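In order, the protein sequence lines correspond to chains A and B.
When the letters of the first sequence are read in order and numbered with the numbering used here, they come out as residues 21 to 158.
When the letters of the second sequence are read in order and numbered with the numbering used here, they come out as residues 8 to 132.
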Amino acid sequence: MIAVIPVVRQVTREVLETMFFSEAEPVACGHTEDCIAARVRFTGNASGELTVMLSPELARSLSAAFLAEEDDEVTAEQRGQVSCELANIICGAILSRLHPSSRVALGVPEAAAPDYGEAIHQCFATPEGVLAVTLRMG
Amino acid sequence: MTVLIVDDSPVMRNFIRRVMRLAGFGQAEYLEASDGSEALRCARAAHIDLVLTDINMPGMNGEDLLAALHADPALRAIPAVVVSTDATLDRQERTTALGARGYLAKPFSPETLRDEIERALEPRR
């Protein structure tokens with residue numbers, strides 16, 4: 021069986037580097053309520069949900085990098101959309117590595133409440149702020 | 008060259024268009040659709056040289072779009088490349104069977120995108 025946490029760490033770093041032009045280092049978690057969260061549910065041979073939580077500064081910075089705009093040009097709507105896309109990409113890449121031969125369907129990513137409960141959970145430090153990833157497998 | 012980008016996420020369509028330019032397709036014209044139905048209407052109304060489509064979309068999804076393109080003699084020859092978060096073998100085999108000429112799993116770099124598109128645009132033997 022593939023260990024999940026190393027996959028979460030590797031995928032999140034790859035996604036941030038490749039598509040958001042940022043760097044992420046796994047760190048011990050220090051939670052804050054002040055964050056933007058997005059969730060993707062998945063069903064099939066594996067089921068559950070993945071939630072990403074970003075500090076407002078990181079959400080603004082990643083959105084600007086993703087859209088090739090200045091930080092202060094990014095709207096709140098765009099920050100939400102980019103956060104959803106980040107959750108979507110991380111979730112799809114993790115599931116594809118954990119279950120490469122399975123059939124798993126991702127739902128539509130959506131804004132969500134932060135999820136710091138008992139689950140697979142990893143925080144990352146980036147130059148622009150903190151990112152947390154929570155994965156719940158059904 | 009006219010490229011049709013099909014994705015329900017406006018920020019993802021924006022990103023793909025930008026990465027296409029970084030990958031050397033800066034001279035191309037870009038059209039966008041938010042689901043398969045809109046993409047089909049677009050493909051029937053304009054000359055399209057390449058379709059880049061997501062799979063997981065509300066309404067007509069990417070697999071249904073590939074099937075519809077393949078079923079239409081006027082649209083069957085348009086090369087289609089899937090751009091998806093789903094990198095499972097099952098999904099790649101299904102979309103290939105539906106006529107996709109390429110498959111790009113997110114995350115991807117401009118170089119990977121260029122290679123996959125150049126392969127999709129090669130004349131078929």
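Every residue gets a Cβ at the ideal spot worked out from N, C-alpha and C, and that includes glycine.
Every value quoted in this text rests on a predicted model; they were computed, and no experiment measured them.
Starting from residue i, follow its DSSP beta bridges and name the residues at the other end.
i	result
A/Val60	A/Leu70
B/Thr60	B/Val13 and B/Val89
A/Arg156	A/Glu69
A/His141	A/Thr154
B/Glu36	B/Thr9
B/Ala112	B/Ser91
A/Gly112	A/Gly112 pairs with nothing; no bridge assigned.
Which residues in the same chain have their Cβ closer than 6 Å to the Cβ of residue i, if we skip the five residues on either side of it in sequence?
i	result
A/Phe41	Ala85
B/Lys113	Thr92
A/Gly100	Ala131
B/Ala107	Leu73, Ala87 and Val89
B/Gln99	Tyr110
B/Ala30	Pro117, Leu120 and Arg121
B/Gln34	none
Using a Cβ-Cβ cut-off of 8 Å (strictly less than) and excluding sequence neighbours within five positions of residue i, which residues of its own chain qualify?
i	result
B/Thr119	Leu111
A/Leu87	Val94, Gln98 and Val102
B/Gly69	Val13, Gly43, Thr60, Asp61, Ile62, Asn63, Val89, Ser91 and Thr102
A/Ala48	Cys143
A/Glu34	Ala113
A/Gly158	Ala66, Ser67 and Gly68
What whole-angstrom Cβ distance do residue i and residue j have, given they're in contact under 8 Å?
i	j	result
B/Thr95	A/Ser67	Actually they are not in contact, since the Cβ atoms of B/Thr95 and A/Ser67 sit about 15 Å apart, beyond 8 Å.
A/Arg156	A/Ala139	5 Å
B/Leu128	B/Leu57	7 Å
A/Val128	A/Leu70	That belief does not hold up - the Cβ atoms of A/Val128 and A/Leu70 are roughly 13 Å apart, past 8 Å.
A/Thr38	A/Phe144	About 15 Å separates the two Cβ atoms, so there is no contact after all.
A/Glu148	A/Glu77	6 Å
CB-CB under 7 Å to residue i, same chain, minus the five flanking residues each way: which ones, in chain order?
i	result
B/Glu123	Val88, Gly109 and Leu111
B/Tyr37	Val10, Ile12 and Arg24
A/Ile25	Ile140 and Gln142
A/Asp91	Arg80, Ser81 and Ala84
A/Ala133	Ala57
A/Val27	Ile114, Arg117 and Leu118
A/Glu43	Leu36, Glu37, Thr146 and Pro147
A/Arg29	Pro46 and Gln142
B/Arg20	Ile12, Asp14 and Glu39
I'd like to know if residue i contacts chain D, where contact means its C-beta is closer than 7 Å to some C-beta of that chain.
i	result
B/Ser44	Looking for chain D here will not work: the only protein chains present are A and B.
(message) Does the structure place the segment 107 to 118 of chain A close enough to the segment 60 to 75 of chain A that three or more beta carbon pairs sit under 8 Å?
(response) yes
(message) With three or more C-beta pairs closer than 8 Å as the rule, is the segment 43 to 54 of chain B touching the segment 71 to 83 of chain B?
(response) yes
(message) Against chain B, which members of the segment 101 to 124 of chain A pass a CB distance test of less than 9 Å?
(response) Gln101, Val102, Cys104, Glu105, Asn108, Ile109, Ile110, Cys111, Gly112, Ala113, Leu115, Ser116, Arg117, His119, Pro120, Ser121, Ser122, Arg123 and Val124
(message) At a CB distance below 8 Å, what residues from the segment 21 to 42 of chain B approach chain A? Give them in sequence order.
(response) Asn21, Phe22 and Arg25
(request) Check each residue of the segment 60 to 74 of chain A: if its Cβ is closer than 7 Å to any Cβ of chain B, include it; give the result in chain order. (result) none
(request) With 8 Å as the C-beta to C-beta threshold (strictly closer), list the residues of the segment 108 to 121 of chain B near chain A in chain order. (result) Ala112, Lys113, Pro114, Phe115 and Ser116
(request) Identify each residue in the segment 81 to 99 of chain B for which the Cβ-Cβ distance to at least one residue of chain A is less than 9 Å, and report them in chain order. (result) Ser91, Thr92, Asp93, Ala94, Thr95, Leu96, Asp97 and Arg98
(request) Pull out every residue of the segment 22 to 41 of chain A whose Cβ sits closer than 9 Å to any Cβ of chain B, in chain order. (result) Val31, Glu34, Val35, Leu36, Glu37, Thr38, Met39 and Phe40
(request) Name, going along the chain, the residues of the segment 73 to 89 of chain A whose beta-carbon falls closer than 7 Å to a beta-carbon of chain B. (result) Phe86, Leu87 and Ala88
(request) Can you give me, in chain order, the residues of the segment 52 to 67 of chain B that have a beta carbon less than 7 Å from any beta carbon in chain A? (result) Asn63 and Pro65
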